[in-house]
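My numbering numbers the first residue of the sequence shown as 5 and each following residue consecutively. The beta carbon of each residue, even a glycine, is placed where N, CA and C say it ideally should be. Accompanying notes for the structure given below.
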Amino acid sequence: MKICLSTSPHLNHSFYYQGRSTNTRIVTLPFVPLGLLSLAACLEERRKDVEVIDLNRPIGGGVPNDQDYYRNVARLIQRHEPDVLGFMTDADSYHHVLNISEECKRLRPRTVIVLGGPHASVTDYETLKNFPFIDVIVRGEGEATMVELVEGLQRDGRAGSVRGVSYRSESGAVVRNEDRPLLDDLDTLPVPAYHLYNISPTDTVYVEAGRGCPHACTFCFTAPYWKKKYRVKSPERIFSEMALLKERYGLRHFNLVHDLFTTDRRWVQGFCNGLLERGLDVTWACSSRTDTVDAGLLGLMARAGCKAIYYGLEAGSEKMQKTIKKCLDLQGGLEVIRQTMSLGIEATVGLMVGFPWESEDSLSKTIGLFFSLLRMDVPKVHIFRVCPFKGSLMHEDYKGLLYFDGHFLDFPLRKTLRGKGMGLMRRYPEIFSGYHRYRTRLEDEDLLKGIDELSPIMGLFRYPLLALLEGSGDGLELFRRWAQWISDHNLNYHPSKPLTHYGTAGEFLLFLKDTAAEEGGSGYINDLLRYEEIKNNLREASASAPRPPTGDSIRQRQADHPILFPRKNRYVRIKKFNYNVKGIIEQIKAGNVNPEERSCHILFFIDGLGKLNTARVNRFGTRLIGLCNGRLPIQDIASKLTHSRASPGDQAYEDVMDAVRRLREMNVIEEKTYDTPHDRRRSGRKGINKTVRQSVIHV
5 MKICLSTSPH
15 LNHSFYYQGR
25 STNTRIVTLP
35 FVPLGLLSLA
45 ACLEERRKDV
55 EVIDLNRPIG
65 GGVPNDQDYY
75 RNVARLIQRH
85 EPDVLGFMTD
95 ADSYHHVLNI
105 SEECKRLRPR
115 TVIVLGGPHA
125 SVTDYETLKN
135 FPFIDVIVRG
145 EGEATMVELV
155 EGLQRDGRAG
165 SVRGVSYRSE
175 SGAVVRNEDR
185 PLLDDLDTLP
195 VPAYHLYNIS
205 PTDTVYVEAG
215 RGCPHACTFC
225 FTAPYWKKKY
235 RVKSPERIFS
245 EMALLKERYG
255 LRHFNLVHDL
265 FTTDRRWVQG
275 FCNGLLERGL
285 DVTWACSSRT
295 DTVDAGLLGL
305 MARAGCKAIY
315 YGLEAGSEKM
325 QKTIKKCLDL
335 QGGLEVIRQT
345 MSLGIEATVG
355 LMVGFPWESE
365 DSLSKTIGLF
375 FSLLRMDVPK
385 VHIFRVCPFK
395 GSLMHEDYKG
405 LLYFDGHFLD
415 FPLRKTLRGK
425 GMGLMRRYPE
435 IFSGYHRYRT
445 RLEDEDLLKG
455 IDELSPIMGL
465 FRYPLLALLE
475 GSGDGLELFR
485 RWAQWISDHN
495 LNYHPSKPLT
505 HYGTAGEFLL
515 FLKDTAAEEG
525 GSGYINDLLR
535 YEEIKNNLRE
545 ASASAPRPPT
555 GDSIRQRQAD
565 HPILFPRKNR
575 YVRIKKFNYN
585 VKGIIEQIKA
595 GNVNPEERSC
605 HILFFIDGLG
615 KLNTARVNRF
625 GTRLIGLCNG
635 RLPIQDIASK
645 LTHSRASPGD
655 QAYEDVMDAV
665 RRLREMNVIE
675 EKTYDTPHDR
685 RRSGRKGINK
695 TVRQSVIHV
């Protein structure tokens, strides 16, 4: 029996809000499916023939976006000729999984289609009742259940009395077998079958640290899904998986999967100390609450290689904190985030809006918290619109307030297929509650449309945004103005666009320019906007470019007198500004803006890791980079800079070479090397004066 386990389709949101995709191009986000690999390992232990498919790799631009899209995706899957086809599920892509499953069943009726994962688990009855092409649903923790299900299908073609499954009987009735108890010891699970996924050194790889959360946040489905039972694997088990992945695939960074990694302080201390003693030399990321860590624990985590932590603050109102049972001390939370970043750990913070009790006051406070986090220079701050997940306490109590507006980012499918998905969501609100929204106490619900995709864009332009708020400080009013601006803009320029409140990074920058002009923006704000516009244009231009090579700087060839012809990288810009933009940014972060009109040159470049960087560049650096056109040899560049002849061995030549080496390491300069005759004339030694010889770059 052939078993195929498939991921669900996932949209790469950043390509759309950054305006890098057309209206019909489907851009997916491939990922290493840890849950499926764990299931596969359990099946392999029982000598089952199992294969793992990441749909996001072949369908990301590889399947024509036409009326047969779902059928063509199904054909890709059915090429593997599965007897059992299992899909992972989540709320974001459930309609896609159902449509693909329907086509898979049509192409190969004898394939047993199984759904698993959080979303299928809580919608099992409704799914089986309304979609006859789904045969079985594995509920909850799936490893042992999936193995027993496959063995039952091999034996007599039935799910029988397997605990943890729901299925349709021969009479068509939905049968829901008893729940399967959770595993007591997660170490008994085999190592995920990583060999079934083509992992590359650049992939984001997840290592499971444990499961479950003991808290009772009303909006969350995670805690009830795991029955509020907190479990962790042993540190040694986690270390062994890290070591395996490092040795086999060259990986050195891991995302540790646990809903709340820092629940048990002693366990975290043991994990960190064990990692230090083992000397594994890896880095890792995790999720936490701000009330479960302090400076001491964070310091130990940093020494043990922690490089990133996700904190969910959720609401900016103390009253809302209590209402949703998050119950965080917000001021204490901000201090923990400061401590986190001071230790070199990148903090990501999540906020939520759109609760049933959301008012102008609570929304204003959450938006105010968002801008406070931006001012603290937290790298990533996200505002999510509350998703009414079935299974959460909030959904059970307030599902009567749900409504559907269809305003969410999804695959840009043809109108007929998109309409089919929308029809499913309207017809089955219990199944697709995640695409519905709660009615709030706000007078204008449209204010919340598009907010989920806006926060990453605002993060890109945080400094001019914060500068504009210096005067009024009213973040909610700015949100309101944006909602009106983008709605009018789309109506005028994109009348057929269904998502009226979504905009791209470029459109938000245009909004900021309009806002600055209306308020008579200061010259330094205009410089900040121009600075961000150059960054945004460079980011978009380099998005599809291959990652530049890394390594040593200029390599001198083995010849008598090599001559290097450096040239500026195509993704490099040098621009003059009237104000010291980099200095003003530091003032904005400090909350004390006192701009001084002093011109400077800023270097914009993409480093060897594909990251956009900026740096102040002095006069010597500006002239040097300008002369690097690929046609002038180092001797001529050095001669032009010093107004005298320069040759290898001269101080002037060596000074220029040192500068070129540094610029090459930064990926600012590329070079070509040519051999020349040995008898090249050489000038006398002459160095560059002390002022010119100072550092080229002021970071």
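CA-to-CA distance, residue j to residue i, given in whole angstroms
{"i": "residue 190", "j": "residue 381", "result": "38 Å"}
{"i": "residue 311", "j": "residue 378", "result": "19 Å"}
{"i": "residue 531", "j": "residue 586", "result": "11 Å"}
{"i": "residue 405", "j": "residue 617", "result": "46 Å"}
{"i": "residue 78", "j": "residue 412", "result": "25 Å"}
{"i": "residue 41", "j": "residue 35", "result": "12 Å"}
{"i": "residue 196", "j": "residue 38", "result": "7 Å"}
{"i": "residue 281", "j": "residue 240", "result": "11 Å"}
{"i": "residue 125", "j": "residue 140", "result": "11 Å"}
{"i": "residue 396", "j": "residue 116", "result": "30 Å"}
{"i": "residue 66", "j": "residue 624", "result": "48 Å"}
{"i": "residue 218", "j": "residue 123", "result": "20 Å"}
{"i": "residue 686", "j": "residue 636", "result": "With a pLDDT of 38 at residue 686, under the threshold of 50, the modelled position of that residue is not reliable, and the figure given next carries that caveat. Each residue's alpha carbon lies about 16 Å from the other."}
{"i": "residue 599", "j": "residue 357", "result": "35 Å"}
{"i": "residue 436", "j": "residue 507", "result": "25 Å"}
{"i": "residue 470", "j": "residue 592", "result": "7 Å"}
{"i": "residue 172", "j": "residue 60", "result": "30 Å"}
Residue i burial status per 10 Å Cβ neighbour count (16 or more: buried)
{"i": "residue 107", "result": "buried"}
{"i": "residue 51", "result": "exposed"}
{"i": "residue 192", "result": "exposed"}
{"i": "residue 320", "result": "buried"}
{"i": "residue 663", "result": "buried"}
{"i": "residue 206", "result": "exposed"}
{"i": "residue 5", "result": "exposed"}
{"i": "residue 688", "result": "In this prediction, residue 688 scores a pLDDT of 37, lower than 50, which makes its location untrustworthy; no coordinate-derived value is stated."}
{"i": "residue 590", "result": "exposed"}
{"i": "residue 528", "result": "buried"}
{"i": "residue 103", "result": "buried"}
{"i": "residue 595", "result": "exposed"}
Where residue i sits in the DSSP three-state scheme
{"i": "residue 181", "result": "coil"}
{"i": "residue 50", "result": "coil"}
{"i": "residue 77", "result": "helix"}
{"i": "residue 69", "result": "coil"}
{"i": "residue 7", "result": "strand"}
{"i": "residue 655", "result": "helix"}
{"i": "residue 351", "result": "strand"}
{"i": "residue 29", "result": "coil"}
{"i": "residue 400", "result": "helix"}
{"i": "residue 380", "result": "coil"}
{"i": "residue 759", "result": "An answer regarding residue 759 cannot be provided, because it is not within the stretch 5 to 703 covered by the chain."}
{"i": "residue 670", "result": "coil"}
{"i": "residue 374", "result": "helix"}
{"i": "residue 145", "result": "coil"}
{"i": "residue 698", "result": "Confidence is the limiting factor: at residue 698 the pLDDT is only 44, short of 50, which leaves the residue's position unreliable and the question unanswerable from this model."}
{"i": "residue 390", "result": "coil"}
{"i": "residue 257", "result": "strand"}
{"i": "residue 248", "result": "helix"}
{"i": "residue 264", "result": "coil"}
{"i": "residue 357", "result": "strand"}
{"i": "residue 4", "result": "No statement about residue 4 is possible, as the shown extent of the chain runs from 5 to 703 and does not include it."}
Quick one: any contact between the stretch 357 to 371 and the stretch 428 to 444, if contact means 3 or more CB pairs under 8 Å? yes
Is the number of C-beta pairs between the stretch 266 to 280 and the stretch 294 to 313 that are closer than 8 Å three or more? yes
Taking 8 Å as the threshold, find out whether the stretch 184 to 198 comes into contact with the stretch 287 to 304 through three or more Cβ pairs. no
Touching or not, the stretch 161 to 180 and the stretch 207 to 215, by the rule of three or more beta carbon pairs under 8 Å? no
Enumerated in chain order, which unbroken segments of the alpha helix (DSSP H) with a length of 4 residues or greater are wholly contained in the stretch 563 to 635? 585 to 594 and 623 to 631
Is the stretch 150 to 161 close to the stretch 245 to 258, with three or more CB pairs under 8 Å? no
In chain order, which alpha helix (DSSP H) runs of at least 4 residues are fully inside the stretch 290 to 334? 299 to 307 and 322 to 327
Just checking, does the stretch 658 to 667 make contact with the stretch 635 to 649 on the three C-beta pairs under 8 Å criterion? yes
Report yes or no: do the stretch 221 to 241 and the stretch 51 to 65 share at least 3 C-beta pairs separated by less than 8 Å? no
Spell out a yes or no on whether the stretch 385 to 398 and the stretch 337 to 349 are touching, meaning 3 or more CB-CB pairs, one atom from each, closer than 8 Å. no
Taking contact to mean 3 or more Cβ pairs, one atom from each stretch, closer than 8 Å, check whether the stretch 83 to 100 and the stretch 5 to 15 are in contact. yes
Counting only runs of 3+ residues fully inside the stretch 153 to 233, write out the beta strand (DSSP E) ranges in chain order. 169 to 172, 178 to 180 and 210 to 212
Three or more C-beta pairs under 8 Å: does that hold for the stretch 512 to 520 against the stretch 572 to 584? no
The stretch 463 to 478 contacting the stretch 423 to 432, beta-carbon criterion three pairs below 8 Å: no
Ignoring anything shorter than 4 residues or poking outside the stretch 497 to 524, list the alpha helix (DSSP H) runs there in chain order. 509 to 522
Touching by the beta-carbon criterion (3+ pairs, under 8 Å), the stretch 527 to 543 and the stretch 479 to 492: no
Going residue by residue through the stretch 428 to 499, where are the continuous alpha helix (DSSP H) segments of at least 4 residues, counting only ones entirely within it? 455 to 464, 466 to 476 and 479 to 497
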